[in-house]
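So the protein sequences, as listed, match chains A and B.
If you read the first sequence in our numbering, its first letter stands for residue 329, the second for the next number, and so on.
If you read the second sequence in our numbering, its first letter stands for residue 329, the second for the next number, and so on.
Every residue, glycine too, gets a C-beta built ideally from N, C-alpha and C.
One structure is given here, and the rest of the page talks about it.
Protein chains: 2
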Amino acid sequence: MTLPSCPLPLPDSLDEDALVTLAHGGGGRLMRRLIEDVFAAEFDNQWMREGHDGAILEALPGRPVLTTDSFVVSPLFFPGGDIGELAVCGTVNDLAMCGATPRYLTTGFVIEEGFSIADLRRVVRSMARAAASAGVQIVTGDTKVVERGKADGLFINTAGLGFVRDGEETRPSRVEVGDAILVSGDVGRHGVAVLAAREGLGLETDLLSDCAPVAGAARALIDAGIEVHCMRDLTRGGLATALVELATSVDLCLSIDETKVPVIGAVRGAAELLGLDPLYVANEGRFVAIVRGADAERCLEVLASEAQAASRDALTPFAPALIGEVRQAPAGRVLATTTTGAERLLGMLSGEQLPRIC
Amino acid sequence: MTLPSCPLPLPDSLDEDALVTLAHGGGGRLMRRLIEDVFAAEFDNQWMREGHDGAILEALPGRPVLTTDSFVVSPLFFPGGDIGELAVCGTVNDLAMCGATPRYLTTGFVIEEGFSIADLRRVVRSMARAAASAGVQIVTGDTKVVERGKADGLFINTAGLGFVRDGEETRPSRVEVGDAILVSGDVGRHGVAVLAAREGLGLETDLLSDCAPVAGAARALIDAGIEVHCMRDLTRGGLATALVELATSVDLCLSIDETKVPVIGAVRGAAELLGLDPLYVANEGRFVAIVRGADAERCLEVLASEAQAASRDALTPFAPALIGEVRQAPAGRVLATTTTGAERLLGMLSGEQLPRIC
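Take a look at the structure:
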């Protein structure tokens, strides 16, 4: 992404009703116009202005942490968010789950010919807003355009670089028997909000996606001196899939009480209607924290205070909960106590529950 | 991308004739099977094995350098390379152009439902091979699957993290009047090779893409004590566009002798046939180096020795060349002396010359 001004006359500024053409991805003057008018206008910083092949950054105060996600959500705009906000939050959150402070993002756009410049601008503004709110800078990017019918409007990739200080890494190998399992808020809002926005489903709800950066809450736990062993944000596959992955990874039993997992009425109702289990529905602003057992109550307090500060939907604020603990056996399994008091083993999703949810 | 083994029976290993389904991107068991069988098998390292949300890396010995590119080349396989090799080389090369030592890559896949697992494996193997040859590790990734007709087989994003030592940064602001301009080899092979592979063009040639990592050659220049001020790899828009971008960026005149720009016969012939100017045709393994004037000859020697070592096509090895110098005026322009001895100003591509070349 190169930004210096061009000596040859650039095409006129892009009209709001303009559409992206193949030439906007061709590496020439039209691409530069797109970058200047749409991307540089929003992602303004020294690296974008330098217009080099990469961003030469400041040295990091700890170990680098790197992550990436591609976003193909459909529709691009949904109640409570859009693909741009998702693309920033998703990657920021992955860094935060490692105990890292997110710092820099890259972004790669694949745009379908004919996509609206006005929509692109809306998405880019969303990204800029989400980046500012998460305290990260988008320092470099790339734009490709493919022919009509060869993509679905817009796909966005982000990669994130943060840093973690020695001893603050949160990772599966730190999980121990006796650890407490907490969830940062109620689950399933994002999946239901996206489904509600899909045409033809006839699902009426005022529900908004939970899409949000969780880096602040994750940081607050560490700064409060809580011994955080592992964190995992809940995306595709929901809470259940995240727990199953962790259980297999640490080869211990994650035991939870299903009745303690917060699910708001609107999500529970929609899930019943659609035949979905809320434990498997996607989230984009919730995470599981596995902390030293003795720190459980303190962890809950900090999460509650963060939830209070971050809650976007005053009618249904999200409440964190202590949902279980780590045991020795059955190793590699997630044991859930159901509403009837019975125990069931949670499995991974076997296939596809909700395509293109992120 | 999470890799730990699953306690529940995974689906059988993927057959070579299997196709990617939406469920392979759903976050569940089929996705894990795809990741284990295809990605983890090739990108094997401690970070992939840990299966965390991000990769917690070793501290870097200098300033971090970050870059990204998305790849949508069509066709996916072309003479001399494929989208996987391109995705690694493109990002490694962008880091090298900043004077950085490339170290880690992330990768994000967007796959169209119905894409062949065998082709995916081929691409992933290509990436692993290119990464090994460039000395980088692919430490984390993401896979999304979209419905049939909503993408074009496969798009790949890579982001790269490297480091640069103090004083070794190469960037536009270091370019000075009197600097020499060199190109690391003949130009235009990649664009012509990809075009030749497209159906219906009837372009017959034995030409291979120049797709290759250039980090070794860039490093060799710096290690030889050459005062390298700026480097730029030549991708979309070719040599001319890279020079025009640099000229505007540094607000000086880049003066080149067109007759000194190496173009092999097969490229020149194909370009004439297709009505293309080789100076504007894409490359994926060539770069421009702008170095202190006094270092020009030494720079040429080092580039020649690197070209000799790296040449993939014994019949037509690529030769670097000293093609021009930096002057004061006309500021912000690229002045080219043509074969007739006349001078012309090079402009940027006005639109799209060769869509989906990378």
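By DSSP's criteria, residue i is part of a beta bridge. Which residues make up the other side?
i          : result
Asp-470(B) : Gly-436(B)
Val-578(A) : DSSP, once it has assigned bridges, lists no residue as partnering Val-578(A).
Asp-397(B) : Thr-486(B)
Ile-509(A) : Ile-618(A) and Gly-652(A)
Ser-583(B) : Glu-653(B) and Leu-663(B)
Ile-384(A) : Val-393(B)
Val-556(A) : Val-619(A)
Pro-541(B) : Answer is none; Pro-541(B) lacks a bridge partner.
Glu-612(A) : None, per the DSSP bridge assignment.
Gln-465(A) : Tyr-432(A)
Asp-410(A) : Phe-405(A)
Phe-491(A) : Pro-392(A) and Thr-429(A)
Leu-347(A) : Ser-444(A)
Glu-671(B) : Thr-665(B)
With a threshold of 7 Å on Cβ separation, who are the neighbours of residue i within its own chain once the five nearest residues in sequence on each side are excluded?
i          : result
Leu-562(B) : Val-515, Ala-570, Asn-611, Arg-614, Phe-615 and Val-616
Pro-648(B) : Leu-510, Val-511, Ser-512, Gly-513, Leu-628, Leu-631, Ala-632 and Ala-635
Thr-576(A) : Gly-660
Ile-651(A) : Ile-509, Leu-510, Val-511, Ile-584, Asp-585, Lys-588 and Val-589
Met-359(B) : His-352, Gly-353 and Thr-471
Ile-411(B) : Phe-399, Val-401, Leu-404, Val-451, Leu-482 and Ile-484
Gly-409(A) : Ser-537 and Cys-539
Arg-684(A) : Val-400, Val-401 and Ser-402
For residue i and residue j, I'd like the C-alpha separation in whole angstroms.
i          : j          : result
Glu-555(B) : Val-619(B) : 6 Å
Ser-678(B) : Val-393(A) : 39 Å
Leu-350(A) : Ser-402(A) : 22 Å
Cys-539(B) : Cys-686(B) : 10 Å
Thr-667(B) : Lys-588(B) : 9 Å
Leu-549(B) : Leu-414(B) : 23 Å
Ala-368(B) : Asp-343(A) : 46 Å
Arg-357(B) : Met-676(A) : 6 Å
Asp-397(A) : Ser-583(B) : 42 Å
Thr-533(A) : Ala-594(A) : 7 Å
Gly-355(B) : Asp-365(B) : 15 Å
Ala-642(B) : Leu-404(B) : Model confidence at Ala-642(B) stands at a pLDDT of 47, short of 50, so the residue's coordinates are unreliable; what they give is reported in the following sentence. Answer to the nearest angstrom: the Cα atoms are 25 Å apart.
Asp-345(A) : Arg-526(B) : 33 Å
Leu-682(A) : Arg-450(B) : 29 Å
Ala-546(B) : Ala-428(B) : 9 Å
Leu-529(B) : Gly-597(B) : 14 Å
Val-662(A) : Val-609(B) : 56 Å
Pro-658(A) : Leu-448(A) : 49 Å
Val-572(A) : Ile-363(B) : 16 Å
What residue from the options has the CA that sits closest to residue i's CA?
i          : options                                           : result
Arg-453(B) : Pro-430(B), Val-416(B) and His-557(B)             : Val-416(B)
Ala-387(B) : Pro-658(B), Leu-489(B), Ala-575(B) and Asp-605(B) : Leu-489(B)
Glu-497(B) : Ala-594(A), Glu-378(A) and Asp-365(A)             : Glu-378(A)
Val-474(B) : Gly-506(B), Thr-419(B), Ala-638(B) and His-352(B) : His-352(B)
Asp-507(A) : Ile-363(A), Gly-621(A) and Met-359(A)             : Gly-621(A)
Gly-469(A) : Phe-371(A), Leu-650(A) and Gln-656(A)             : Phe-371(A)
Leu-536(B) : Asn-373(B), Asp-585(B), Ala-524(B) and Ala-638(B) : Ala-524(B)
Val-591(B) : Ala-383(B), Leu-574(B) and Arg-517(B)             : Arg-517(B)
Glu-504(A) : Arg-391(A), Val-578(A), Pro-389(A) and Val-542(A) : Val-578(A)
Ala-670(B) : Ala-637(B), Glu-586(B), Ala-624(B) and Leu-433(B) : Glu-586(B)
Arg-361(A) : Arg-391(A), Ile-445(A) and Val-400(A)             : Ile-445(A)
Gly-495(A) : Gly-412(A), Ala-543(A), Lys-472(A) and Asp-551(A) : Asp-551(A)
Asp-605(A) : Ala-456(A), Gly-519(A), Gln-656(A) and Gly-408(A) : Gly-519(A)
Leu-385(B) : Thr-434(B), Ile-363(B) and Phe-406(B)             : Thr-434(B)
Gly-544(A) : Val-572(A), Ile-363(A) and Val-464(A)             : Val-464(A)
Ala-459(B) : Asn-373(B), Asp-623(B), Ile-363(B) and Gly-553(B) : Asn-373(B)
If residue i and residue j are in contact, beta carbons under 8 Å, what's the gap, nearest whole angstrom?
i          : j          : result
Arg-502(A) : Cys-558(A) : 6 Å
Phe-437(B) : Leu-347(B) : That belief does not hold up - the Cβ atoms of Phe-437(B) and Leu-347(B) are roughly 15 Å apart, past 8 Å.
Arg-499(B) : His-380(A) : 6 Å
Cys-581(A) : Arg-655(A) : 4 Å
Among residues of its own chain, excluding the 5 on either side of residue i, which ones have a beta-carbon nearer than 6 Å to its beta-carbon?
i          : result
Leu-423(B) : Val-393, Thr-395, Pro-430, Gly-488 and Gly-490
Leu-607(A) : Gly-566, Leu-567 and Ala-568
Arg-485(B) : Note on identity: in this sequence residue 485(B) is Asn, with Arg being the wrong assignment. Around Asn-485(B): Ser-398 and Gly-436.
Ala-664(A) : Ile-584, Glu-586, Arg-672 and Leu-674
Val-467(B) : Trp-375, Ala-383 and Tyr-432
Pro-541(A) : Cys-417, Val-420 and Ala-462
Note down, in chain order, each residue of its chain lying with its Cβ closer than 8 Å to the Cβ of residue i, except the 5 sequence neighbours on either side.
i          : result
Ala-479(A) : Val-438, Ile-439 and Glu-440
Pro-389(B) : Phe-491 and Arg-493
Leu-531(A) : Val-520, Leu-523, Ala-524, Ala-598, Leu-601 and Leu-602
Leu-574(A) : Pro-500, Val-503, Cys-558, Arg-560, Leu-582, Val-616 and Ile-618
Ala-456(B) : Glu-370, Phe-371 and Ile-466
Are there any heavy atoms of the ligand HEM lying less than 7 Å away from the beta-carbon of residue i, as far as the coordinates show?
i          : result
Val-492(B) : The ligand content of the structure shown is nil, which means the ligand HEM is not present either.
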